[in-house]
Structures are given as structure tokens and as C-alpha cells.
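A quick write-up on the structure given underneath.
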């Protein structure tokens, strides 16, 4: 009995030494963290950041978006709102976000046959405060006009800073590319 | 100074409901929700005598977010991001349970490749979940270092998953009829590399922690949960397997392609915290085995069925789908009336059943042991 | 007027000031060391950002920490006994400083050379238990109360094997004078008492960990069980005093281990003071290393270790020592 408990204690003490060896080995090995301001993470491929608009092939300042409101309807958090100008109609008739799904649907149906009358995007706002990054908007887009950005270094002091105006973001990007 | 600390129970509803017993020398202690070892989401009212717990009553609902109700007011695809939020550590399993329930109700045939991808990603996610549990449990027991080592591996797996699923924690990857993104060669290569990297790491974890004398004394013969108690409360997952019942939904009612893989269901009949600990440590290795087999036999084909419904409207009826999450059996009971959103959705969260054990098991143990038991249940309070 | 003050008093006064500076400096170094070692064990850099580029590797971090603690509001919780509540940190830190007076840092570097140096240190370190008890009691917090209760039983229990192993060294040397004990050992490692008393060294080291409330025996503050134990309600300088005291007691414990078992200031080639400092810091590093490796023991296990293992072993050690001396 005494021998057994002595043996157990000795083995226990040995296991403690083994544990200390493990931490000592780790103490000596290299660091694995990324020093943020000096280094950044490069493996952002595939990362789903907030959405951004894809420029159309002809004009980098114009988005591919046809203002079909699919993304607005599918968004679980209702954080996308877009307005479009109908070129044929005299004034900028606003198709406000998700006020009534049926109304939008009928409008969409009307527009579909008149293909030349492509509505022009007036504003595209993503309220990143509410976004849950599910990616449903990107998948539901019929023209592939949305994509994920890899903008992870977002920081701000107010909520308003995260209400992202994607259209002006697109134009800024195009400007930067030109320079 | 009011020295009669015992009278200081004038707090809220739960504190008042928790009437002190006739004994005069006990202390009523409110543990949580800001207590470090309840991880911010659980509150337990304890009646203690010295350091021994006489009664314990968990108070729930600190992160109740009405996921069931949310399902009723959202269309099926809109609910896709929600399930991963109920269990933020094993999000893909919940994601899977949701899409699989809808698929079963609609009778959708998921491509084989998609099933394999689901198995691989879900098992990777299970490893991250167990790793985090491992680190957090040792944090509860007072060891600071293991969580950092766990996070080393966890972050690597999350990097792999991020490339494919787009997120690191609250995944929304599976879609009705498949997955949202195909895996590529780089994913396969990185996963293989990570699998072979994990094996020596387990050896290190064993040296540093599992064999550690102090740890063994802290978990062995602590919080014994007999299999009967588990059945009574409906506890599943590692808690049940740690009590000697090798019940695993992956084996008991195989879903997806799990019947094609060769893996063990670890179970320990010691019934104590050590049993649950070892079950989880073994499960990580079994998950790696499954992943390697799945990668070897990964079929070609579509990653999502060609005519996958974007906005499914399942026929009227109800369906129950259960699968094995990191914490136990995840159940989705879906009742549809043929509309674009479910009529009713009932979620079976394993953490709830497992937590219900606590008040029975923790009677008469030390506070330190109660922390150990609570940690060994691996709770994610839904 | 000035002649009326005895020189001894002036020496003690100046020495106390020097010791205070030493304790403060040590605390700063130890905070930095602890965080860096923890970081390296975790394979991360530890504190890195504080300070301008001329102070690399976050070397100003402890100063920033200190500044933060000094700048915090002193806060007395409702229902707390404010006199005892603020007395406790002071009681905790004051004896720690006094302990350094009798420690021989080098052959000529000792403030007071007294025949009862060892007894004085053991007596003064015992006061810390009272301080922690008062802190837990006065803060009107249930976690604090449990922490205080734990601390008393832990402190009292571990005092016994500590004294027993000290006794066996004292019987060997025949003196309580720390300078003489250190002086009695030779310069080379095989002449140190650790080779005559290895068991005593291990017991003393474990007891020192327990007495200074270091992991794996940090039960009075066990943050995963008792949030922060006895100092749950303290912030700002109140907390800083406990913190400072903890590090000061760690240094005291290391000093005594170095003197009793590792030859104190004895060592080849280098002057004594440096040897002493090196030995103390090696011991401190081991303490830090242990902290970042092991889980915490449970309370009944802690007492079992003491009563069932350490005390019998210490008595055995004492008896063997006595037998050898008698022969």
C-alpha cells in the first residue's frame, strides 16, 4: 500500500517534470503569432468580408448591378438598401428597400422584358453593422455584380462609419487603379 | 457592516426563489454570469457549506436569442446563417442539421462530392471545437498555457476552413442541395498537412496535460455521472460516451456518408470527468482518421446539385433530423405548411440536456470540483 | 540633536529606503519577466508595444502598468469595513520590506546583521496571512471571504514544514544568523547545503510556492473558482500593494532558499553580490516557469500534500539530520 502510493507519487513527480520539459521546448521554439502593425495576415483568399460591387467590363466606374433587388430581398438582416434611376421615366423613382416584397416583384417583372431600359444604380448602401456575412446576396445575384472584399482592417468610432456606400467605394477603387 | 452574508439574497427573482434551507450556517453564492468559469453566459446559484456545495441551480437564458421564432419569420435561405450562431463552436454541424432537415423534407438528392466535403469540413470543425474546449477546460483548472497551444492548431484549421467557407467561426457554408463553394487541391493538401501535424501535437498535449499528475487528481473520480443519469436527462455526446455508453449518431443512425468510414466510437466507463476528457481527446484523433479517409476517397462531381432550389418551399409535413455535434446530438424538428418559411422549428441543443445534469451531479462536491464538472460538460449555452 | 539619534537607526532608515527601491525595481523586473516568459512559453512575443522605439520589446510595459494602477480611483465597496479594507494592503506590503533588512546580499552588503535573522524573516512573512485574511473579510464579498479562509488554512499549514526544514539546516550550522549560514558554505556547488539536504530543499521550495500563493498553489486567488479571491474588490493601489507584496515575498523566499541551500553570496570568480542575484533570479524563473505549466491543485489536495507528505518528510529529514549530527 505504502509502496504503491510512493510509486504513484514518484511517477506523478516525473510527469510534472515531463510537463515542464514541454513548456521549456516551446519556450525555445519560434514564435507563431503575427505582429499586427508590422506584419499582416496574407491568407485572406476566400475570406468573406463585407460585400462590394463588381465593376462592369466596359466602364470601371459603373457597376454590373442591374438593381434587381434580389440581394435586398434575400438578406436575412435587411442590411442592403439600393436606389435606382429608371432612365425611361422622367424622375428618379425610388424603389425603396424592402417596403413590400410584392411591389418590388411586380416592378421587376415589368422591367424584365424591357431589357434596354436598364435601370441605373443611384446608390448602394450596405449597413455593415447588421451584416451577418452569410454570403446569400452574392449567391443570389443574377449578374455576379457583388463580391466579397477582403477588407478586414475596419475600425471606427461610430456606427455611421460602418454604413458603407458601396458605389462610391467602387469609384474610389477605380480611381486608385487608374493612378 | 452587515456581517450576515447569508441574508444577502434579496437580489432578483431567481435569487429569491432559491430559498435558503433551514440550516443557519450556509452561504448562498451567486456564481456567474460574470464568473470566469461560467464563460459569461451561465449563472449558477449555489448554497455552500464551507467549500462544499449543498445545492446548485443553474439559471438559464442569458444568451437566449429566439432562434426558433426567428425561423418562423424568415424564409428558408434567410435562416441559413442562424444555426451556426446557436453553437458558435461547432457551427458547421448545426448548419448541416438545418440544410439536411430541409433536404430530407423535400427529398433532395445531394451529390456525393458535396456529402464528402460536408464530412471533411464538419470533422475539421469538430476538432476546433474540442481544441477550444480542451484549452478552456484547463483554464478552468488553472493552467494557462494549454489554451495557447490549442489555439495554435485551431487557428491553422480555421485558416483552412476560411479559404473554403469564407468565415472563421460562425459558418454559413452548406446550402440546400450541397455546399456553397467547392474545395480545391490546395485545401486537400493543407488539410493533409494539418492532419499529419496534429499527430505529434496530441503526443505533446498528452505529455503536458493528460499525463500530468495534478490534472489527473483534479479530474479522476470527479463528477461521476452514471449512465442512468445520462439517460434520465437525455445527455448525449461525450458526456454519454464518457459514462460508458458508446452512442454516437454517426454510428447509431448513419447520416450522409458516415457509414463508409472506419472509425471508432471512444467510450470510457469510468463515468468521471477524466472519462469525458479522454473521449474528447480520442475523438479528435478519430476525426482526423475520418478526414484522411474522406480525402482519400473523395469522388469527383458537383459540389451542389445542378438544380438546387434557391428559395425552397418544402411540401407540407414534418421532419426530424439528428446528427452528432461536438457536444452531442443536434436535432432539428421542422414542421412545414408548404410556405416559404417553416411553420415551426424545434431545435434540440445538446448543451441544454447536458447542463441539466449539473445540479444533480454537483451536490456535495467542492467548488473547485464543481468548476471541473461544469467544464467537463463542455457547455455552449444556446 | 542629531547626535542623539543612534547610528544604528540611521543605517536602518537608509537601508529601508534602499530596500524599498530594491523591492520596487524587483517588482518591475519581475512583472516584465513574468509576462515575457509567459509569452515565450505560449510562443508569442509578450508585451511588445509600449514605449518609443528607443525602448524595444515593450520594456516600458511595467511602468505603464504601474502608472495605470496608480491612476485608478480608490474604490471602497458598499458595506465594506473601510478601515480594515485599506489597512490590509498596507499590512501586506510593510513586513515584506522589513524582511530584506536582514538578508545578506553580499559579503559586505547587509543592512543589519542580527543573530535571529532567520526567525525575524519567518515571523514577518507570517503577517501576510493576517493581511490577506483582513482583505477578504473586510471587502464584504463572498468570494473574498472564501479566499481569505483558504489563505489562512493554507498559510498556517505550510508554515509547519517550512519551519521544520529550516530547523534541520539550523541544526547543521548551529546559528540563526543568515550571514553565518551563507558564510559557512563553500564557493563551489558541491559545498552548498543542497547536497547535504536535498529533501529539505525540495520541501522548502514547495512550501515557498504555497506561502507566496503561486501557481499551482494559488488557491486564495484562484481566478477560475473565486474570480479573484481575497482581492476581488481591490483596484488601483490596493491591488498594486498586494501585487507588489506577492512579488516581494517571492523574492524573499528565493533569497532564503539561496542562502540556506545554494550558498548565498558564495561563488567562484565573480563578487558575491552578483552570485546572490543570479541565484535568486534562477529560482524566480523556475517559479514563473512552474506557474505557466501546471494546473491548480484542489484545496483538500493542497492540505493533503502538506499534512500527509511534507510534514512527515520534514520530520524525517529533521530526525536524520539530528542523528547524523549526533554521530
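Residue numbers (the numbering used here), protein chains in the order written: chain A, 17 to 195; chain B, 5 to 386; chain C, 2 to 328. Here a beta-carbon is modelled for each residue, glycine too, at the ideal position from N, C-alpha and C. Just so we're clear, the structure is a prediction, and the values are computed from it rather than from any experiment.
Rounded separation between residue i and residue j - CA only
i	j	result
residue 203 of chain B	residue 286 of chain B	11 Å
residue 112 of chain A	residue 345 of chain B	Because residue 112 of chain A carries a pLDDT of 44, less than 50, the predicted location of this residue cannot be relied on, and no value is offered for it.
residue 181 of chain A	residue 140 of chain A	6 Å
residue 183 of chain C	residue 97 of chain C	21 Å
residue 50 of chain B	residue 262 of chain C	46 Å
residue 178 of chain A	residue 81 of chain B	25 Å
residue 40 of chain B	residue 32 of chain B	18 Å
residue 11 of chain C	residue 278 of chain C	26 Å
residue 111 of chain C	residue 86 of chain C	34 Å
residue 76 of chain A	residue 62 of chain C	49 Å
residue 100 of chain C	residue 69 of chain C	28 Å
residue 189 of chain C	residue 295 of chain C	32 Å
residue 88 of chain C	residue 297 of chain C	29 Å
residue 390 of chain B	residue 341 of chain B	A question about residue 390 of chain B goes unanswered here, because the residues of chain B that appear run from 5 up to 386.
residue 209 of chain B	residue 277 of chain B	17 Å
residue 317 of chain B	residue 200 of chain B	43 Å
Minimum Cβ-Cβ distance from residue i to chain C less than 9 Å
i	result
residue 185 of chain B	no
residue 136 of chain B	no
residue 75 of chain B	no
residue 32 of chain A	yes
residue 202 of chain B	no
residue 151 of chain A	no
residue 329 of chain B	no
Chain A contact for residue i (CB, 9 Å cutoff)
i	result
residue 13 of chain C	no
residue 297 of chain B	no
residue 329 of chain C	The requested residue 329 of chain C does not occur in the structure, where chain C is confined to residues 2 to 328.
residue 308 of chain C	no
is_contact[residue i, chain B] using C-beta, thresh 9 Å
i	result
residue 48 of chain A	yes
residue 37 of chain C	no
residue 172 of chain A	no
residue 228 of chain C	yes
residue 224 of chain C	yes
residue 180 of chain A	no
residue 215 of chain C	no
residue 186 of chain A	no
residue 42 of chain A	yes
Three-state secondary structure (DSSP) of residue i
i	result
residue 232 of chain C	helix
residue 179 of chain B	strand
residue 147 of chain B	coil
residue 192 of chain A	helix
residue 322 of chain B	strand
residue 209 of chain C	helix
residue 153 of chain A	helix
residue 327 of chain C	helix
residue 136 of chain A	strand
residue 222 of chain C	coil
residue 310 of chain B	coil
residue 188 of chain C	coil
residue 335 of chain B	strand
residue 34 of chain B	strand
Cβ pair residue i, residue j closer than 9 Å
i	j	result
residue 60 of chain B	residue 356 of chain B	no
residue 103 of chain C	residue 130 of chain C	no
residue 87 of chain B	residue 351 of chain B	yes
residue 51 of chain A	residue 235 of chain C	no
residue 45 of chain A	residue 166 of chain B	no
residue 72 of chain B	residue 331 of chain B	no
residue 218 of chain C	residue 232 of chain C	no
residue 121 of chain B	residue 161 of chain B	no
residue 378 of chain B	residue 53 of chain B	no
residue 238 of chain C	residue 75 of chain C	yes
residue 83 of chain A	residue 98 of chain A	yes
Practice prompt. Please specify which runs of the alpha helix (DSSP H), each continuous and at least 4 residues long, are wholly inside the segment 222-305 of chain B, giving them in chain order.
Written response: The segment 222-305 of chain B contains, as complete alpha helix (DSSP H) runs of 4+ residues, the segments 231-237, 242-245, 253-256 and 277-300 (chain order).
Discussion item. List, from N- to C-terminal side, the alpha helix (DSSP H) runs of 4 residues or more that fit wholly inside the segment 108-157 of chain C.
Written reply: Whole alpha helix (DSSP H) segments, 4+ residues: 118-139.
Practice prompt. Output the residue ranges of the alpha helix (DSSP H) runs that lie fully inside the segment 50-78 of chain B and measure 4 residues or longer, sorted by chain position.
Written response: Listed in chain order, the complete alpha helix (DSSP H) runs (minimum 4 residues) inside the segment 50-78 of chain B are 71-77.
Worksheet item: In the segment 235-287 of chain C, which residue ranges form an unbroken alpha helix (DSSP H) of at least 4 residues, counting only runs that do not cross its ends?
Response: Secondary structure remark: continuous alpha helix (DSSP H) runs of at least 4 residues inside the segment 235-287 of chain C, in chain order: 237-262.
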